[in-house]
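Visitor:
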Amino acid sequence: METNLIKPPVELRYADELAALKSSDTGKRPENWQLSPKAVRTFILGGKAGGRDISRKFYGNDALVERCIITLAGNRGLMLVGEPGTAKTMLSELLSAAICGKSTNTVQGTAGTTEDMIKYSWNYALLLSKGPCREALVPSPLLIGMEQGIFARFEEITRTPAEIQDSLISVMSDQILNIPELGDDGLVFAKPGFNIIGTANTRDKGVNEMSGALKRRFNFETVAPVRDVRLEREIILREAADLARAGHIDCAPDKDVAELLAVTYHELREGVTAEGTMVEQPAAVMSTAEAVSVYFQTLCHAWYYGSGKMELPVLTENLLGAVCKENRDDLGRLKSYFQTAVKAKGMKEGGIWNEYYQTAKYLR
Ligand SMILES: Nc1ncnc2c1ncn2[C@@H]1O[C@H](COP(=O)(O)OP(=O)(O)OP(=O)(O)O)[C@@H](O)[C@H]1O
Ligand SMILES: [Mg+2]
Numbered sequence: 001m002e003t004n005l006i007k008p009p010v011e012l013r014y015a016d017e018l019a020a021l022k023s024s025d026t027g028k029r030p031e032n033w034q035l036s037p038k039a040v041r042t043f044i045l046g047g048k049a050g051g052r053d054i055s056r057k058f059y060g061n062d063a064l065v066e067r068c069i070i071t072l073a074g075n076r077g078l079m080l081v082g083e084p085g086t087a088k089t090m091l092s093e094l095l096s097a098a099i100c101g102k103s104t105n106t107v108q109g110t111a112g113t114t115e116d117m118i119k120y121s122w123n124y125a126l127l128l129s130k131g132p133c134r135e136a137l138v139p140s141p142l143l144i145g146m147e148q149g150i151f152a153r154f155e156e157i158t159r160t161p162a163e164i165q166d167s168l169i170s171v172m173s174d175q176i177l178n179i180p181e182l183g184d185d186g187l188v189f190a191k192p193g194f195n196i197i198g199t200a201n202t203r204d205k206g207v208n209e210m211s212g213a214l215k216r217r218f219n220f221e222t223v224a225p226v227r228d229v230r231l232e233r234e235i236i237l238r239e240a241a242d243l244a245r246a247g248h249i250d251c252a253p254d255k256d257v258a259e260l261l262a263v264t265y266h267e268l269r270e271g272v273t274a275e276g277t278m279v280e281q282p283a284a285v286m287s288t289a290e291a292v293s294v295y296f297q298t299l300c301h302a303w304y305y306g307s308g309k310m311e312l313p314v315l316t317e318n319l320l321g322a323v324c325k326e327n328r329d330d331l332g333r334l335k336s337y338f339q340t341a342v343k344a345k346g347m348k349e350g351g352i353w354n355e356y357y358q359t360a361k362y363l364r
């Protein structure tokens with residue numbers, strides 16, 4: 001597969017790391033897993049493999065990652081739930097790539113997801129000419145996962161109507177999918193290594209509840225936002241550098257700007273500043289993913305319109321767009337954050353914090 005893609009799949013992006021882990025892996029491996037649980041952990045949380053450095057990809061909760069891997073080694077599904085932008089999708093891709101060598105076997109849950117997208121559908125030209133046969137069958141990611149002994153990822157499962165979600169229940173209980181049209185050949189048994197990783201957002205409005213029967217077939221893990229400003233700054237810098245590389249943007253990332261943004265997101269999310277002043281939290285989700293996109297947007301502006309140096313007025317305007325897109329009351333909260341927290345930091349520390357405070361006039 002080509003590597004010159006906007007977002008190569010994890011297994012391609014980290015092919016070298018995965019190969020190094022595989023060749024030095026001596027841990028116990030569940031049947032059909034590409035790597036042992038120990039090596040999967042190293043792939044996600046970083047470490048060494050045969051003298052090679054393996055980068056850390058998920059920050060924050062190492063025990064959660066271990067629990068996810070253990071769930072998948074058993075025969076229960078894994079459901080990652082949490083606020084938007086907490087790396088649920090990223091974690092499910094990392095797990096699938098490390099364990100199955102493939103992160104793209106995915107159903108995207110939407111209000112329009114139908115049962116045949118989850119189970120199977122037909123190539124109607126072949127169905128008409130040959131009748132129901134394997135050749136005419138279009139397998140879903142679930143069916144592919146069962147037949148190949150790999151994971152099927154179900155993104156945003158709660159966007160799908162509950163009765164459609166429930167078509168997973170029989171597969172998860174019996175590990176069999178019945179295709180009645182194929183008669184005696186219509187029973188598909190899941191191979192070892194098959195499992196399901198779901199993700200669901202706990203914040204967005206209009207989501208469908210999951211039925212109790214389906215919930216019981218999954219182990220739930222809640223992915224929380226990163227609580228450490230330093231880590232958040234690292235994530236912003238690392239992700240923006242990756243995006244810049246993919247977009248051929250040769251602009252030096254500004255660590256101080258990443259720091260400002262990480263502190264702003266952290267304090268607005270927590271509702272309290274590092275100095276202990278209470279600030280009103282915006283209704284908008286202050287996710288790390290949003291912080292990454294505000295930073296990257298500012299970097300792009302510097303590259304295409306500016307001198308190559310990230311500009312704070314542009315940062316503040318992008319922040320305004322990200323925070324106030326849903327609720328205009330958030331504008332008042334953001335302004336008041338600048339008038340209290342940013343002003344105080346500007347007076348105490350001067351420098352870039354003072355410059356940042358001067359950009360409060362763009363909040364309108
Ligand atoms: N704990 C974390 N470790 C590493 N990166 C993180 C972390 N939290 C957030 N990110 C960053 O946020 C980005 C967005 O993550 P992702 O799309 O996986 O979130 P999500 O939880 O699936 O969001 P949504 O609910 O909107 O689908 C990641 O690519 C990464 O840059
Ligand atoms: Mg997601």
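With our numbering, you'll find the sequence shown wraps up at 364, consecutive numbering, no jumps.
Ideal Cβ positions, reconstructed from N, Cα and C, are used throughout, including at glycine.
Any heavy atom of ligand 1 closer than 7 Å to the beta-carbon of Asn201?
Guide: yes
Visitor: So which of Asp185, Arg159, Gly50 and Phe194 has the shortest CA-CA distance to Ser173?
Guide: Phe194
Visitor: With distances taken between CB atoms, is the gap from Trp303 to Ile249 smaller than 8 Å?
Guide: yes
Visitor: Note the first and the last residue of the continuous alpha helix (DSSP H) segment covering Gly346.
Guide: Lys343 to Glu349
Visitor: Do you know offhand how far Ala190's Cα is from Ala20's?
Guide: The straight-line gap from Cα to Cα measures roughly 29 Å.
Visitor: Alpha carbon to alpha carbon, what distance is there between Phe296 and Leu371?
Guide: What the structure shows of the chain is the stretch from 1 to 364, and residue 371 is not part of that stretch, so it cannot be assessed.
Visitor: What is the DSSP secondary structure of Met1, reduced to helix, strand or coil?
Guide: Below a pLDDT of 50, predicted positions are generally treated as unreliable, and Met1, at 49, falls in that range; no measurement from the model is reported.
Visitor: For Arg216, name the three-state secondary structure that DSSP assigns.
Guide: coil
Visitor: Would you list the one or two residues that DSSP bridges to Lys48?
Guide: Beta-bridge partners of Lys48 (DSSP): Asp53.
Visitor: Within a Cβ cutoff of 7 Å, which residues of the same chain sit near Met1, ignoring the five residues on either side of it in sequence?
Guide: Because Met1 carries a pLDDT of 49, less than 50, the predicted location of this residue cannot be relied on, and the following value inherits that uncertainty. If we look at Met1 and ignore the five residues flanking it on each side, its Cβ neighbours are Leu12.
Visitor: Answer yes if the stretch 99-119 comes into contact with the stretch 253-266, meaning at least three C-beta pairs across the two stretches below 8 Å, and no otherwise.
Guide: no
Visitor: Return yes when at least one heavy atom of ligand 1 lies under 7 Å from the C-beta of Val226, else no.
Guide: yes
Visitor: For Thr298, which residues from the same chain have a beta carbon less than 6 Å from its beta carbon, with the 5 sequence-adjacent residues on both sides left out?
Guide: Met310, Val314, Leu315 and Asn318
Visitor: Going by other Cβ atoms of all chains shown within 10 Å of its Cβ, with 16 needed for buried, is Thr277 buried or exposed?
Guide: exposed
Visitor: The alpha helix (DSSP H) that contains Phe296, what's its start and end?
Guide: Thr288 to Tyr304
Visitor: Helix, strand or coil for Asn354? Go by DSSP, reduced to three states.
Guide: helix
Visitor: Using only alpha-carbon positions, find the residue among Thr106, Thr264 and Asn75 that is nearest to Met90.
Guide: Of the candidates Thr106, Thr264 and Asn75, the one whose C-alpha sits nearest the C-alpha of Met90 is Thr106.
Visitor: In whole angstroms, give me the CA-to-CA distance for Arg245 and Leu5.
Guide: 11 Å
Visitor: Between Ala39 and Phe58, what straight-line distance do the alpha-carbon atoms span, to the nearest angstrom?
Guide: 15 Å
Visitor: Please go through the same chain and pick out, in chain order, the residues whose beta-carbon is closer than 6 Å to the beta-carbon of Asp62, but skip the five residues on each side of it.
Guide: Leu45
Visitor: Check whether the Cβ of Met377 lies closer than 7 Å to any heavy atom of ligand 1, and answer yes or no.
Guide: With the chain running from 1 to 364 in the structure shown, residue 377 is simply not present.
Visitor: Between Glu355, Ser129, Thr264 and Val81, which lies nearest to Glu155 when the distance is taken from Cα to Cα?
Guide: Val81
Visitor: Of all the alpha helix (DSSP H) runs that stay within the bounds of the stretch 130-208, which reach a length of 4 or more residues?
Guide: 141-148, 162-165 and 167-174
Visitor: Looking at the structure shown, is Leu78 part of a helix, part of a strand, or coil, going by DSSP?
Guide: DSSP places Leu78 in the strand class (E or B) of the three-state scheme.
Visitor: When you compare only the Cα positions, how much space is there between Glu290 and Asn75?
Guide: Approximately 34 Å between the Cα atoms of the pair.
Visitor: Is Glu11 a contact residue of ligand 2, with contact defined as CB to any heavy atom under 7 Å?
Guide: no
Visitor: One question on the structure: do Leu142 and Ile99 come within less than 8 Å of each other, judged by their Cβ atoms?
Guide: no
Visitor: Compute the beta-carbon to beta-carbon distance between Leu320 and Tyr362, rounded to the nearest angstrom, for a pair I have assumed lies under 8 Å.
Guide: 7 Å
Visitor: Is Glu239 close to ligand 2? I mean its beta-carbon at under 7 Å from any heavy atom of the ligand.
Guide: no
Visitor: Measure the alpha-carbon distance for Glu270 versus Gln281 and round it to whole angstroms.
Guide: 7 Å
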